[in-house]
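Protein chains in written order, with our numbering: chain A, 1 to 433; chain B, 434 to 633. Positions of the beta carbon are idealized from the N, C-alpha and C atoms, including for glycine. Bear in mind the structure is a predicted one, so any value in this text is a computation, not a measurement. For reference, the structure discussed in these notes is given below.
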Amino acid sequence: MTPTIAPSRPRPPGSARGGPPAGLPRLLPDGPVADRPSLARHLERLGPLPAPGGLVDQVDQAGLRGRGGAGFPTAVKLRAVRSAAGRRRPVVVANGTESEPLSHKDVTLLGHVPHLVLDGMVAAAVAVGAGRAVLCLKEGSGATAPVRRALVERSGLDPVDLEVVEVPARYVSGEESALVNHLNTGRALPTVTPPRPAQRGVGGRPTLVDNVETLANLALIARFGPSWWRSVGTTEDPGSMLVTVSGGVAHPGLQEVALGTPLPEILGRAGAGPAAGILVGGYFGTWLTPAQISGATFGWTGLAPLGAAPGCGALTVLPETCCPLAELSRVADWLAGQSAGQCGACTNGLPAIAGALARVVRGDPDGAALGLVRRWAAMVRGRGACKLPDGAVAFVLSGLEAFAPHLAVHRDGRGCGMTGHQALLPTPQWRTS
Amino acid sequence: MTLATTPLSVWYLMRGSGLVALILFSMTIGLGVVGVKRWQSSRWSRLVTAGLHRNVALLALCFLAIHVVTAVVDQFVGLGWLGVIVPFKSAYRPLWVGLGVVAFDIVLAVMATSLLRRHVRFRTWRLVHWGTWVMWPVALVHALGAGTDRVSFGLFVSLGCVALVGAAAVWRLIPDRAVPDRTTPPRPPARPLATARSSS
Numbered sequence: 001m002t003p004t005i006a007p008s009r010p011r012p013p014g015s016a017r018g019g020p021p022a023g024l025p026r027l028l029p030d031g032p033v034a035d036r037p038s039l040a041r042h043l044e045r046l047g048p049l050p051a052p053g054g055l056v057d058q059v060d061q062a063g064l065r066g067r068g069g070a071g072f073p074t075a076v077k078l079r080a081v082r083s084a085a086g087r088r089r090p091v092v093v094a095n096g097t098e099s100e101p102l103s104h105k106d107v108t109l110l111g112h113v114p115h116l117v118l119d120g121m122v123a124a125a126v127a128v129g130a131g132r133a134v135l136c137l138k139e140g141s142g143a144t145a146p147v148r149r150a151l152v153e154r155s156g157l158d159p160v161d162l163e164v165v166e167v168p169a170r171y172v173s174g175e176e177s178a179l180v181n182h183l184n185t186g187r188a189l190p191t192v193t194p195p196r197p198a199q200r201g202v203g204g205r206p207t208l209v210d211n212v213e214t215l216a217n218l219a220l221i222a223r224f225g226p227s228w229w230r231s232v233g234t235t236e237d238p239g240s241m242l243v244t245v246s247g248g249v250a251h252p253g254l255q256e257v258a259l260g261t262p263l264p265e266i267l268g269r270a271g272a273g274p275a276a277g278i279l280v281g282g283y284f285g286t287w288l289t290p291a292q293i294s295g296a297t298f299g300w301t302g303l304a305p306l307g308a309a310p311g312c313g314a315l316t317v318l319p320e321t322c323c324p325l326a327e328l329s330r331v332a333d334w335l336a337g338q339s340a341g342q343c344g345a346c347t348n349g350l351p352a353i354a355g356a357l358a359r360v361v362r363g364d365p366d367g368a369a370l371g372l373v374r375r376w377a378a379m380v381r382g383r384g385a386c387k388l389p390d391g392a393v394a395f396v397l398s399g400l401e402a403f404a405p406h407l408a409v410h411r412d413g414r415g416c417g418m419t420g421h422q423a424l425l426p427t428p429q430w431r432t433s
Numbered sequence: 434m435t436l437a438t439t440p441l442s443v444w445y446l447m448r449g450s451g452l453v454a455l456i457l458f459s460m461t462i463g464l465g466v467v468g469v470k471r472w473q474s475s476r477w478s479r480l481v482t483a484g485l486h487r488n489v490a491l492l493a494l495c496f497l498a499i500h501v502v503t504a505v506v507d508q509f510v511g512l513g514w515l516g517v518i519v520p521f522k523s524a525y526r527p528l529w530v531g532l533g534v535v536a537f538d539i540v541l542a543v544m545a546t547s548l549l550r551r552h553v554r555f556r557t558w559r560l561v562h563w564g565t566w567v568m569w570p571v572a573l574v575h576a577l578g579a580g581t582d583r584v585s586f587g588l589f590v591s592l593g594c595v596a597l598v599g600a601a602a603v604w605r606l607i608p609d610r611a612v613p614d615r616t617t618p619p620r621p622p623a624r625p626l627a628t629a630r631s632s633s
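Spelled out as structure tokens, the structure:
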């Protein structure tokens, strides 16, 4: 799937030329594609980054939450790093690894507006008193070339040193402690927290790890202020979010949507067909039924009653033409293979759960395998250095709930007749050395 | 105040719980060494060792709690609530009972750091945990010095515990063979692909 930017409404005349974008898109630029990532074009569109001051309070007033998946309040993280600074100058790490196979928003954002992300890194670094900001990308990322070109353009123009580092492709290598570990020791594997990176991170220094979309928003808040930033979205969930729509849709790709937008509207814009279920938030997310999403809005407030969250903003439509259990089983297998092999509950638990789930797909007349999935899921939850077990378990359990009717079809072992259909959910074969 | 004001059952309970706590703490130390040595077999996974180590320790704490409470309640000991923490304040055999208080203080520190394991540095936790190697002999001497069963079965129980913990200590001191590292081999810290130096 190649990410494309969904067509947006034409911008009213006179709103460009270094002013705050009116409406959406605001993170991604409107207008011609050519020459988009250049510094000159970037400055022409949004104007220069103003002299820093009071950014942390502005971010607090804006109510910006992290766009990497956890949705943590960004101002709280900024304050934690700033107050942990003491004698040691903090470091800023921009997380652009985007290990989530269902999301393309970070690589697209970096490819189109690398300077907006770099602006955010600079603004965050100045706000917490850091002298160094590192942008982490996945090995072989499509964003590497535009980011390198952008760094050449900015050489000697910023108050902090900017670097770009590639991280081995693996699901857990984008986890914040794994990034810090990679920068310190070359091993992109999660470590036990605490200490969190905000307390002791790169080189033992307090480290701010933020997703690149979060930092792009930071750069917009620094330029145009919190009240402009809140003009899009709802009071509880202000701002916009980049949403990767994939799966059974006519127009897969990226949309920048206001938080609070009805989910059917987002899916409708992408041309979604009849769905067996919708995965919200990527492989760390939650499966919902079409009935559940029919009245739901996209945002933390709108999804909380359904037990879901926007996560990294990936929306994946599973069409009615493929076997949801086979897809669930295949991805559970893949997630088990993404374990770093560090913690027992994950190394042993995830393959065991995936194995039992495969038996459920093949036929489980007495429900024994299903019982094992549920039992082991409860046992691995909350254990290990990172959240891989929790994410994998949430993926499997919410899927079993959403696809409960389909589960009955498989019970007697005759299957649904769609099990052998072409795989839909991506499971990239990374070289996990 | 004399013993007459406290029921005799309290004394029995104090002796019994102290002796059981000694056995359970000895087992905890043995299980801890089994865990550190990473010993396992096809029928005994390391999860079992870890779970038993924790649960036997918690059980030992329960018996220790009974032991301490009865020691305060039994007015013949003359310990008082402050004496539970501050050693050598008892009326009865202050030195021997005081050693028990010292051991109890170490147990409290080990328990606190283990319950707060995620909030304490690993080094701090390990240093405090090593305190059990001081706690156990002190507790044993307390049992032999303050206990009233040292010439009867209490002695045999103590000897059994000494054998168990002694064997564990010897095993602990035998150097480990190097375990092959199955995780990613260490690489040099990540090098940047590109940098943009600051204006200053």
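So, under 8 Å CB-CB, A/V113 and A/A216 are touching, yes? Tell me the CB distance rounded to an integer number of Å.
Here residue 113 of chain A refers to the residue found at position 113 of the first sequence. Here residue 216 of chain A refers to the residue found at position 216 of the first sequence. Contact flag correct, Cβ pair sits at about 7 Å.
Using beta carbons (cut-off 8 Å, strictly below), is A/V107 in contact with chain B?
Here the question's residue 107 of chain A lines up with position 107 in the first sequence. Interface residue (Cβ-Cβ distance to chain B less than 8 Å): A/V107 is not classified as such.
If you draw a straight line from the C-alpha of A/D333 to the C-alpha of A/D237, how long is it?
For the purposes of this step, residue 333 of chain A is taken as the residue at position 333 of the first sequence. For the purposes of this step, residue 237 of chain A is taken as the residue at position 237 of the first sequence. So the two alpha carbons sit approximately 35 Å from each other.
Who pairs with A/I278 in a beta bridge, going by DSSP?
In the first sequence, counting from the first residue as 1, residue 278 of chain A sits at position 278. Note: A/I278 sits in a beta bridge opposite A/L288, A/V317.
Taking only beta carbons into account, state which residues of the segment 158-176 of chain A come closer than 7 Å to chain B, listed in chain order.
D158, P159, V160, D161, L162, E163, V164, V165, E166
Leaving out five residues on either side along the sequence, give the residues of the same chain with a beta carbon under 8 Å from the beta carbon of A/V180.
On the first sequence, position 180 is the one that residue 180 of chain A refers to. Contacts found: V93, T191, P197, G201, V202, T207, V209.
Just how far apart, CA to CA, sit B/M434 and B/G511?
Position 1 of the second sequence holds residue 434 of chain B. Position 78 of the second sequence holds residue 511 of chain B. With a pLDDT of 42 at B/M434, under the threshold of 50, the predicted position of this residue should be treated as unreliable, and no value is reported.
Using the beta-carbon of each residue, which ones in chain B are nearer than 7 Å to A/N184?
By one-based count along the first sequence, residue 184 of chain A stands at place 184. Result: P622.
What residues in its chain sit with their C-beta under 8 Å from that of B/V506, if we drop five residues either side in the sequence?
Taking the second sequence and counting its residues from 1, the one referred to as residue 506 of chain B is at position 73. Scanning its chain for C-beta atoms nearer than 8 Å, with the 5 sequence neighbours on each side dropped, one finds around B/V506 the residues T439, V443, in chain order.
My assumption, with CB atoms under 8 Å, is that A/R269 sits in contact with A/Q255. Please give the rounded CB distance.
Within the first sequence, numbered from 1, the residue matching residue 269 of chain A stands at position 269. Within the first sequence, numbered from 1, the residue matching residue 255 of chain A stands at position 255. Sure, about 6 Å apart at Cβ, within 8 Å.
So, does the CB of A/P194 fall closer than 8 Å to a CB anywhere in chain B?
In the first sequence, residue 194 of chain A corresponds to position 194, counting from 1. Closer than 8 Å to some Cβ of chain B, the Cβ of A/P194 qualifies, so yes.
Can you name, in chain order, every residue of its own chain whose Cβ lies under 7 Å from the Cβ of A/R79, other than the five neighbours on each side?
Counting from one through the first sequence, the residue named residue 79 of chain A turns up at place 79. Here the set comprises V56.
Report the rounded CA-to-CA distance for A/V360 versus B/H552, giving the unit in angstroms.
As a first step, residue 360 of chain A is located in the first sequence; it is residue number 360 there, counting from the start. As a first step, residue 552 of chain B is located in the second sequence; it is residue number 119 there, counting from the start. Their Cα atoms are separated by approximately 40 Å.
Please tell me whether A/I278 and A/T316 are closer than 8 Å, where the distance is taken between their beta carbons.
Translated into the one-based positions of the first sequence, residue 278 of chain A becomes position 278. Translated into the one-based positions of the first sequence, residue 316 of chain A becomes position 316. Against a cut-off of 8 Å, the Cβ pair of A/T316 and A/I278 comes out as a contact.
Looking at the C-beta of A/G156, does it have a partner C-beta in chain B at a distance below 8 Å?
Taking the first sequence and counting its residues from 1, the one referred to as residue 156 of chain A is at position 156. By this cut-off, A/G156 is an interface position.
Mind reading off the beta-carbon distance from A/R362 to A/L425? Whole number of angstroms is fine, and I expect it under 8 Å.
To locate residue 362 of chain A, count along the first sequence from 1; it is residue 362. To locate residue 425 of chain A, count along the first sequence from 1; it is residue 425. In fact, because the Cβ distance is near 19 Å, the residues do not count as touching under 8 Å.
So, does the CB of B/H552 fall closer than 8 Å to a CB anywhere in chain A?
Position 119 of the second sequence, counted from the start, is the residue given in the question as residue 552 of chain B. Chain A contact via Cβ: present.
Would you mind reading off the limits of the alpha helix (DSSP H) that contains A/E176?
Translated into positions along the first sequence, residue 176 of chain A becomes position 176. Run containing A/E176: 176-185, per the alpha helix (DSSP H) assignment.
If contact means a Cβ-Cβ distance below 8 Å, which residues of the segment 133-151 of chain A contact chain B?
V134, T144, V147, R148, L151
Taking a cut of 8 Å between CB atoms, which residues from the segment 331-350 of chain A lie near chain B?
Residues of the segment 331-350 of chain A with a Cβ closer than 8 Å to any Cβ of chain B, in chain order: A340, G341, Q342, G344.
Tell me where the beta strand (DSSP E) around A/C136 begins and ends.
Reading the first sequence from its first residue, position 136 is the one you call residue 136 of chain A. Segment 132-138, the beta strand (DSSP E) holding A/C136.
With DSSP as the reference, label A/P389 as helix, strand or coil.
For this step, residue 389 of chain A is matched to residue 389 along the first sequence. A/P389: helix per DSSP, three-state reduction.
Excluding the five sequence neighbours on either side, which residues of its own chain have a C-beta within less than 7 Å of the C-beta of B/H500, listed in chain order?
Along the second sequence, read from residue 1 onward, the residue named residue 500 of chain B stands at position 67. Closer than 7 Å at Cβ, skipping near neighbours: M447, S450, G451, A454.
Would you mind stating whether B/F458 and B/A493 have Cβ atoms separated by less than 8 Å?
In the second sequence, the residue the question calls residue 458 of chain B occupies position 25. In the second sequence, the residue the question calls residue 493 of chain B occupies position 60. B/F458 is a Cβ neighbour of B/A493, given a cutoff of 8 Å.
Is any beta-carbon of chain A found at less than 8 Å from that of B/L436?
Start at 1 with the first residue of the second sequence, and residue 436 of chain B comes out as number 3. In this prediction, B/L436 scores a pLDDT of 45, lower than 50, which makes its location untrustworthy; no coordinate-derived value is stated.
Mind listing the chain A neighbours of B/L480? Cutoff is C-beta to C-beta under 8 Å, in chain order.
Looking up residue 480 of chain B in the second sequence gives position 47. Chain A residues near B/L480: G344.
Assuming A/A40 and A/P226 are in contact, meaning their beta carbons sit under 8 Å apart, how far apart are those beta carbons, in whole angstroms?
Here residue 40 of chain A refers to the residue found at position 40 of the first sequence. Here residue 226 of chain A refers to the residue found at position 226 of the first sequence. Not confirmed; about 28 Å, so no contact.
Thinking A/A85 and A/G129 are a contact (beta carbons under 8 Å), I'd like their distance in whole angstroms, please.
Taking the first sequence and counting its residues from 1, the one referred to as residue 85 of chain A is at position 85. Taking the first sequence and counting its residues from 1, the one referred to as residue 129 of chain A is at position 129. Confirmed, Cβ separation roughly 5 Å.
Distance cutoff 8 Å, beta carbons only. Does B/T628 sit that close to anything in chain A?
Numbered from its first residue, the second sequence carries residue 628 of chain B at position 195. Chain A contact via Cβ: present.
How far does the beta strand (DSSP E) with A/Q199 in it reach, from first residue to last?
Mapped onto the first sequence, residue 199 of chain A falls at position 199. Neither: A/Q199 is in no beta strand (DSSP E) and is coded neither H nor E.
List the residues of chain A that B/S632 touches, going by C-beta distances under 8 Å, in chain order.
Taking the first residue of the second sequence as position 1, residue 632 of chain B is located at position 199. Going along chain A in sequence order, the residues near B/S632 (Cβ under 8 Å) are G156, L157, D158, P159.
Note the first and the last residue of the continuous beta strand (DSSP E) segment covering A/S240.
Your numbering for residue 240 of chain A matches position 240 in the first sequence. Element bounds for A/S240: 240-247.
What residue does the alpha helix (DSSP H) around A/Q58 start on, and which one ends it?
Working through the first sequence from its first residue, we reach residue 58 of chain A at position 58. Here the alpha helix (DSSP H) through A/Q58 covers 55-62.
Got a sec? Which residues, its chain only, sit under 7 Å from A/L151 by beta carbon, not counting five neighbours each side?
Sequence index remark: in the first sequence, residue 151 of chain A carries index 151 (1-based). These residues qualify, in order along the chain: L162, V164.
Using CA coordinates, which residue listed in B/H562, B/I462, B/A536 is at the minimum distance from B/S547?
The count along the second sequence starts at 1 and reaches residue 547 of chain B at position 114. When each option's Cα is compared against that of B/S547, the closest is B/H562.
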